[in-house]
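Residue numbers (the numbering used here), protein chains in the order written: chain A, 163 to 450; chain B, 163 to 450.
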């Protein structure tokens, strides 16, 4: 595995790879790799000749009062995992390299952001769009891999690629789950034993909503009511939101006549968990 | 010459070219080609294996009340000129192809724009940055060619490439001039005989300012005063601005201790003419 810290080096490396006709799969991360990341790497490994992993904690996507300074880091472990999972190039830039001076051009994501988790993180996806534009231009991949756990991020990347004609295939990868269906998350360790017992209800409630669609229900309001009731009866966690929106546009729908996302966020004592399911008008899972 | 209207076709074509190890030079235009464009094409032709010319009148960079609808077009002539000057690929997309739906992500150029011509064209360079991001991702050139006549545009493209790590070399090309030094412009035909006689004074006045720097003057205020006086004595045109700014940052300077642009815009009866000169602390011309 090559560990490259220099932007020019990566661009030169990728140009050689592409001139050899070899395909490049890209997994952008903020490090502190967990099973979700490893599944992205595994998927990229299967589908490409060369796999490039980037680790960069992007200050631009953290708001005031967010946890930029305390964001967990473990370079040594990340490096070993990357090697073990067959990454060819690990790109590990410094902040100074990525942002040598304040940017002159700002990106503003004006759609897909004022819903779900985006509501409570103003500017977050602007920073995501900017750093991904940079990373896409540095790594120049054929395919880029993102986890469906953060479905809103996938929707924003979809907009970025389409709006600006990046010649990159977006590959959404299904959420990795515990045996009982709970979405894997580094935050799950903060759950009490009772909360951990209850938390699988989040995905169960979303699947119950999907079942309603499979059974012919097309009314989002009734589905959300039913999911809310189900979830409230199964957990003491406080529901932050349960939303049903078109996917990937993330607009509200009066009737389910196109692919949709059904998503939830739940506050526990020391963790806020999110999960979602994306399905078409028949309730068939379409993405991830 | 291949005439391609389809974004995918261009991307596939360029990928083949690059896999063959051949270099790509890109000349983005809004068509109605004049000698300035032809010099860009000639320069690209000399420096690259493959030359791609795009012709697209980008609605995003026209403000309300600007001349989008009446912008001159002559596809047949442009096509012949492109062929004659050795263009390999002419990319001629429709507006529907470039903007199939309203964009979700906006670019805002927050520096280098509130000076020179940018002052009177709010939002113009936002549209330029967005369409160039798209075109760069479609054409994936090694080098991109822009005329120094619009030095502010060159400065914005420089910011775009640096901010977002495009692996593209920006090549500024010197302004094409009449024998008497007047910058060539499709607007020169709107000058009266007397205005045409006077108009070379614009470049002469800027060169006089540069001579002052060569003679040791480092004070921008005195240079602008002198250039203004010179120009007012030589033409009846109304001066819109004479500015001296750092280049390419386009910030005001108290003393000439870095490369600068000295630029002017003059209103005549039926045309507004612009011109500039870029030089270093010794008055040596540096760009274009």
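Here a beta-carbon is modelled for each residue, glycine too, at the ideal position from N, C-alpha and C.
Within chain B, partners of residue i - CB distance below 7 Å
i              : result
residue 295(A) : 326
residue 183(A) : 181
residue 299(A) : 326, 327, 328, 329
residue 291(A) : 267
Where residue i meets chain B, residues with beta-carbon distance less than 8 Å
i              : result
residue 178(A) : Those do not exist, as residue 178(A) stays about 10 Å from chain B at its closest Cβ, beyond 8 Å.
residue 169(A) : 327
Beta-carbon proximity of residue i to residue j, cut-off 8 Å
i              : j              : result
residue 371(A) : residue 389(A) : yes
residue 437(B) : residue 267(A) : no
residue 451(A) : residue 219(A) : What the structure shows of chain A is the stretch from 163 to 450, and residue 451(A) is not part of that stretch, so it cannot be assessed.
residue 364(A) : residue 313(A) : no
residue 401(A) : residue 386(A) : no
residue 212(A) : residue 186(A) : yes
residue 357(A) : residue 399(A) : yes
residue 207(A) : residue 248(A) : yes
residue 253(A) : residue 214(A) : yes
residue 198(B) : residue 338(B) : yes
residue 232(B) : residue 335(B) : no
residue 188(B) : residue 355(B) : no
residue 396(A) : residue 340(A) : no
residue 243(A) : residue 347(A) : no
Whole-angstrom C-beta distance between residue j and residue i, which should lie under 8 Å
i              : j              : result
residue 318(B) : residue 291(B) : 6 Å
residue 443(A) : residue 420(A) : 7 Å
residue 428(B) : residue 406(B) : Not a contact, Cβ separation roughly 16 Å.
residue 295(A) : residue 260(A) : Their Cβ separation, rounded to whole angstroms, is 12 Å, which puts residue 295(A) and residue 260(A) out of contact at 8 Å.
residue 299(A) : residue 250(B) : Contact doesn't hold; Cβ gap of about 24 Å is too wide.
residue 301(A) : residue 176(A) : 6 Å
residue 238(A) : residue 163(A) : Wrong, their Cβ atoms sit about 14 Å apart, outside the cutoff.
Cross-chain neighbours of residue i in chain A, by beta carbon under 7 Å
i              : result
residue 266(B) : 271, 272, 273, 274, 321, 325
residue 173(B) : 329
Spatial neighbours of residue i in its chain, beta-carbon cut-off 6 Å, leaving aside the 5 residues before and after
i              : result
residue 367(B) : 389, 392, 393
residue 190(A) : 216, 297
residue 116(A) : Coverage of chain A is limited to positions 163 through 450, which leaves residue 116(A) absent and any answer about it impossible.
residue 304(A) : 185, 186
residue 410(B) : 317, 320
residue 349(B) : 433
residue 424(B) : 368, 371, 406, 439
residue 275(B) : 287
Own chain partners of residue i with C-beta closer than 7 Å, once the 5 adjacent residues on each side are dropped
i              : result
residue 255(B) : 167, 169, 218
residue 414(B) : 407
residue 277(A) : 405, 407, 412
residue 222(B) : 289, 292, 293
residue 201(B) : 335, 338
residue 376(B) : 444, 445
residue 374(A) : 385, 388
residue 353(B) : 361, 430, 433
residue 331(A) : 304, 305
residue 257(B) : 221
residue 209(B) : 187, 305
Residues that residue i contacts on chain A, provided the C-beta gap is smaller than 9 Å
i              : result
residue 314(B) : Those within 9 Å of residue 314(B) in chain A number zero; the least Cβ separation is about 13 Å.
Cutoff 8 Å; reference residue i; Cβ partners in own chain excluding five residues on either side
i              : result
residue 417(B) : 380, 381, 382
residue 230(B) : 219, 221, 224
residue 180(B) : 186, 302
residue 280(A) : 274, 286, 287, 314
residue 235(B) : 193, 194, 219
Query - Interface positions of the stretch 204-225 of chain B facing chain A (Cβ-Cβ less than 8 Å), listed along the chain - result: Against chain A - using a Cβ distance shorter than 8 Å - the stretch 204-225 of chain B contributes no residues.
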